[in-house]
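J.: Position in the sequence shown counted from 1, then plus 3, gives you this note's numbering.
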Amino acid sequence: MAATFAAVQAFTGTDKLNLSVTVPADSSKVQDGVPAAPVTLTWKKMGDAADEAGQSREFGGIHFHDGDFDGRALGAEVGQAVFAKAQTYFNGTAS
Numbered sequence: 004m005a006a007t008f009a010a011v012q013a014f015t016g017t018d019k020l021n022l023s024v025t026v027p028a029d030s031s032k033v034q035d036g037v038p039a040a041p042v043t044l045t046w047k048k049m050g051d052a053a054d055e056a057g058q059s060r061e062f063g064g065i066h067f068h069d070g071d072f073d074g075r076a077l078g079a080e081v082g083q084a085v086f087a088k089a090q091t092y093f094n095g096t097a098s
């Protein structure tokens, strides 16, 4: 997600996201009654959403902290490189 947001941020020139999503009560496909009440997640900036996505992998036991942190940093670099390459196609200098 960090790579995607870095590329979108470079393209749009802003980190603003202003996005929210509500997860309805009892909507889990795995466990009945989860969540017990609706949960609304809100992200004002793309960086916030990317950070929360990375942190969720830590909380889920998928990544250790260093792997999460390093992965988000690498993703941001990849996104910037992708945008730079895309720019060469937009301006006609691609090789």
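Where a beta carbon is used, it is the ideal one built from N, C-alpha and C, also for glycine.
Are Gly78 and Ala6 closer than 8 Å when you measure CB to CB?
T.: Start at 1 with the first residue of the sequence shown, and residue 78 comes out as number 75. Start at 1 with the first residue of the sequence shown, and residue 6 comes out as number 3. Their beta carbons are under 8 Å apart, which means Gly78 touches Ala6 by this criterion.
J.: Would you mind working out which of Ala89, Phe72, Leu22 sits nearest Thr45, comparing C-alpha positions?
T.: Here residue 45 refers to the residue found at position 42 when the sequence shown is read from its first residue. Comparing Cα-Cα distances from Thr45 to each of Ala89, Phe72, Leu22, the minimum goes to Leu22.
J.: Rounded to a whole number of angstroms, what is the C-alpha to C-alpha distance between Ala89 and Glu55?
T.: Reading the sequence shown from its first residue, position 86 is the one you call residue 89. Reading the sequence shown from its first residue, position 52 is the one you call residue 55. Going from the Cα of Ala89 to the Cα of Glu55 covers about 27 Å.
J.: Under 8 Å: do the segment 46–66 and the segment 9–26 share three or more Cβ pairs, one atom per stretch?
T.: Short answer: they touch.
J.: In the DSSP assignment, find the alpha helix (DSSP H) that holds Lys88 and state where it starts and stops.
T.: In the sequence shown, residue 88 corresponds to position 85, counting from 1. Per DSSP, Lys88 belongs to the alpha helix (DSSP H) from 68–93.
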